[in-house]
Amino acid sequence: RDGVHVSRDSGVTWTRLPELAEDGAWYNIDFGTRHPDRIALASWNQGLVVSEDGGRTWVPRRDGLPPDGRIMRVGIDPDTDALYVSVRTDDVYRSDDFGRTWRETGLKGSTVSQFLFVRRPSP
Numbered sequence: 008r009d010g011v012h013v014s015r016d017s018g019v020t021w022t023r024l025p026e027l028a029e030d031g032a033w034y035n036i037d038f039g040t041r042h043p044d045r046i047a048l049a050s051w052n053q054g055l056v057v058s059e060d061g062g063r064t065w066v067p068r069r070d071g072l073p074p075d076g077r078i079m080r081v082g083i084d085p086d087t088d089a090l091y092v093s094v095r096t097d098d099v100y101r102s103d104d105f106g107r108t109w110r111e112t113g114l115k116g117s118t119v120s121q122f123l124f125v126r127r128p129s130p
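In the numbering used here, the protein residues as written are 8 to 130.
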């Protein structure tokens with residue numbers, strides 16, 4: 008319950024990100040591979056927040072997701088850059104525009120605890 012911390016010196020020192028709430032549980036983070044400045048954070052109370060500038064600024068991306076905001080997991084597909092979230096006991100949602108719009112993808116009523124993406128082989 009102390010917020011989200013960042014290290015810019017390989018873990019020697021850590022600083023709390025003041026723009027991200029201290030309260031609530033921050034569950035996981037994922038980083039874009041096709042767009043390395045993209046970062047997504049999942050939270051129980053805060054829903055989903057993303058950065059598209061390497062963590063300098065953060066914006067919520069909850070519009071189109073269930074209103075309770077209980078995001079259990081977030082994942083960024085390394086091949087397509089699609090953003091996935093697991094909403095507690097609701098569904099898995101996919102966004103192709105980094106959280107600006109969402110669509111349900113399946114697993115209604117499930118709680119997904121992890122996303123695993125298998126890279127496509129190079130042609």
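We put the CB at the ideal spot given by N, CA and C, even for glycine. All values derive from a computational prediction rather than experimental measurement.
Of the residues Ala47, Ser129, Glu26, the one whose Cα lies closest to the Cα of Ser102 is Ala47. Counting only runs of 3 or more residues that sit fully inside the segment 24 to 95, the beta strand (DSSP E) segments are 33 to 38, 46 to 50, 54 to 58, 78 to 83, 90 to 94, in chain order. Taking the Cα positions, Val119 is about 26 Å away from Val13.
Leaving aside the five residues that flank Leu72 on each side, the residues in its chain whose CB is nearer than 8 Å to its CB run, in chain order, Gly54, Leu55, Ile78, Val92, Val94, Tyr100, Trp109. Annotation: Thr96 to Asp75 spans about 11 Å, alpha carbon to alpha carbon.
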